[in-house]
Structure formats: C-alpha cells, structure tokens
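Written below as structure tokens is the structure these notes are about.
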Amino acid sequence: MSSPTTSMTTWPAAVSERSADLVHGAPRPATVLAAFPSALYLQVGGHADVLPVVTRGGLRLPTALTVGTHLPTVGWGAQPGDRVVVGAGAVVLPAVSIRAVRTWRPRRTTSRLPSGPSSLLPSGAAAPDAPWGEVRLPWRPTARALVETLRETARGEDAAYLIDGRVGPLVGAGPGLTPSGDDVLCGVLLGLRLHGATDLVDVLWRAVRPRLGATTSLSAALLREAADGYAVQPLEQLLAALARGRAGEDDRATSEAVQAVLAIGHTSGADLLGGLAGCLDALAGAPRRPVLTVPTDPARSLP
1 MSSPTTSMTT WPAAVSERSA DLVHGAPRPA TVLAAFPSAL YLQVGGHADV LPVVTRGGLR
61 LPTALTVGTH LPTVGWGAQP GDRVVVGAGA VVLPAVSIRA VRTWRPRRTT SRLPSGPSSL
121 LPSGAAAPDA PWGEVRLPWR PTARALVETL RETARGEDAA YLIDGRVGPL VGAGPGLTPS
181 GDDVLCGVLL GLRLHGATDL VDVLWRAVRP RLGATTSLSA ALLREAADGY AVQPLEQLLA
241 ALARGRAGED DRATSEAVQA VLAIGHTSGA DLLGGLAGCL DALAGAPRRP VLTVPTDPAR
301 SLP
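Right under this line is the structure:
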C-alpha cells in the first residue's frame, strides 16, 4: 500500500464537497476498481463508497476529485486491484500524490419546473417531442411505466409490490461499470426531483436501496447521488437548463446540453436521458409508447 514520500510527484486537484470529508479525513486504504486514461475509480469502505479521480477533461462525477493539470502520457501508474491510500488531503498512488488544494460544489437538483413538465414545451408541442426531439431512447417507455406505478402508490393504492416488480429487473441490468438499468433509474430519480416530487423519490429509493448489492460499486454510488439530487456534470447542466424555463423555444443551451448527455459513454447518455424523458412523460400525461424492457444495444462504457 502506497504512502507519501518527500520525493513523490504531486498533482494539485479540486475535491467535491461530497467527498471532502473522506479526502481530508484520516488516511485509509482504498482499492483501484478501474483505471482509464481520464478516470481512476477507488473503492473506499463499503460497496457504494467510491471516489472518482478524474482528469481536467474527464467526465466529472458529483463526488469527483478533479486533477488540476493535464496528465502526462505515463498515466496514473495504478491498475485495478492495486491498494492505495486516501486521506489527509490526498490520494497517494504508487508514484504520485494527488493533493486536494481546493473544493468545488456540485449543483443539486432541487428546483421545480416553472409550471410542471409542460413548461418544457413550446405552445402546442407534444411531450415526447421536446427537448430531445426524435432521439431514440429505448428505455423511455420503461421509465414512464415505473413513474406511473409510483404515482399510483402516491394516490394511496397498494402498489408496493408493483414497484418492486419494476425496479428489481432494472438494478444491475446490463454489462459494464454503469449498467443500463441503473442509468435509467438515475434519470428517473433526477426527473422526479426536477419536478418537485420528492415524495416519489423517497418511495423509489426505498425500493432501490436494498438492491444496490446487485450492481457495481460505481453504479451504486451514482444511484445514491441521484437519489440525493446530484448528477454527472453534463446531465446536471441539462437539468439546470430545464429548470430555467421553456426548453422547447429554440433554447440553444438546452439543445447543447442534450447532446452533451448523449455523448456520455456508449449508451449511458441515452439511458440517462431515457429515464429522464420517460419520467417527465408520465408526469405530463404524454401519449404512451410501447414498453421496451431491453435496449437494442446494451453496450456500455462510462470511463
């Protein structure tokens, strides 16, 4: 297990407020879960306790320690399974110490839409057509069906077993670090918060939380963040754009945010967007579409 030395190279970094206590706390061992050119994922403690360490140009997760300089071509110098140290203000790898010299604050999704989901649409528009246009979102109907079931519970109907029946097949569904089903659930959780339906967030989270062990550590960590209202940066920016006003009225910022979300991973972006769009469809009472339980291309990559 690595420990800092006086001759060790140091990279400055900014730590998320969501991980500041961990990084500035007492040193503790961590295990490298995955290593990519733009990100290093460390497991610290329990199954869902993951610290992402990302480069300046990497995908910034809400709990990330973001390196302030461009990495040299030698990379991180750590591989999956390696033991490293997190704490005392730094992440200590075999050949480098990444030191948190400042803190950054992720934006929490708490705002209501200006006047409900219909405020996303220009006058006369149908809910399925904005702001994502004709983007193919295979999980969108599945997300809608889940939210409709949640609303039945909110009306006092005994639908808890129906919620379990919809959530169970989604958690951990798909290969890779962030399975498709988990991305969909993240999109739904954030859509509910955007709409102000925190009571439904609580109901959904009660069904998801006991199942976190069925998915990857990174995905479990992202689900926990989504339940609290936090998202990866491109989705955070889209949610903020939607909360500002009518996204269908030639809102360039919203269109760019949609494209940025779609660019995440192989299908992670589309899966997140499918969860969000399906959620808002259900809350707006948009026309139904056939439910697809499995996406055509489940390939996954969220480095």
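Per full-length UniProt numbering, the very first residue in the sequence shown carries number 1; after that it's consecutive.
Cβ coordinates follow ideal geometry from the N, Cα and C atoms, glycine included.
Computed from a prediction, not measured in an experiment: that's the story for all the values here.
Check whether the Cβ atoms of residue i and residue j lie closer than 8 Å to each other.
i: Val263; j: Gly269; result: Reading off the sequence, residue 263 comes out as Ala, not Val. In contact: Ala263 and Gly269 (Cβ atoms closer than 8 Å).
i: Arg105; j: Glu17; result: yes
i: Thr109; j: Leu239; result: yes
i: Thr63; j: Glu225; result: yes
i: Glu148; j: Ala231; result: no
i: Leu137; j: Cys279; result: no
For residue i, report the span of its alpha helix (DSSP H) as first-last.
i: Trp205; result: 198-208
i: Gly191; result: 180-195
i: Tyr161; result: 160-167
i: Arg224; result: 217-227
Can you give the Cα-Cα distance for residue i and residue j, rounded to whole angstroms?
i: Gln43; j: Pro80; result: 10 Å
i: Leu120; j: Leu242; result: Residue placement at Leu120 is poorly supported in this model, since its pLDDT is 44, which falls under 50; the coordinates are not used for a value here.
i: Arg151; j: Tyr161; result: 14 Å
i: Thr267; j: Arg99; result: 33 Å
i: Gly89; j: Trp11; result: 12 Å
i: Arg60; j: Arg107; result: 12 Å
i: Pro94; j: Gly187; result: 36 Å
i: Ala48; j: Pro37; result: 23 Å
i: Thr9; j: Gly77; result: 12 Å
i: Leu40; j: Val32; result: 7 Å
i: Thr66; j: Leu218; result: 17 Å
i: Arg211; j: Ala284; result: 29 Å
Check for me: the beta strand (DSSP E) holding residue i runs from which residue to which?
i: Val261; result: Taken as a continuous stretch (DSSP letters only), Val261 belongs to no beta strand (DSSP E), being part of the alpha helix (DSSP H) at 252-262.
i: Ala34; result: 28-36
i: Val85; result: 83-87
i: Gln43; result: 39-43
i: Thr10; result: 9-16
Applying the 10 Å Cβ sphere with the 16-neighbour rule, what's the burial state of residue i?
i: Pro234; result: buried
i: Pro52; result: buried
i: Pro259; result: Per the sequence shown, residue 259 should be read as Gln rather than Pro. Looking at its Cβ environment, which holds fewer than 16 other Cβ atoms inside 10 Å, Gln259 is exposed.
i: Asp271; result: buried
i: Ala247; result: Any reading at Ala247 is ruled out, since the residue's pLDDT is 45, under 50, leaving its predicted position unreliable.
i: Ser123; result: Reliability of the predicted coordinates at Ser123 is poor, the pLDDT of 31 falling under 50, and the value obtained from them is presented with this limitation in mind. The residue in question, Ser123, is exposed, as its Cβ has fewer than 16 Cβ neighbours within 10 Å.
i: Ala221; result: buried
i: Ala26; result: exposed
i: Pro141; result: buried
i: Pro179; result: buried
i: Thr69; result: exposed
i: Asp183; result: buried
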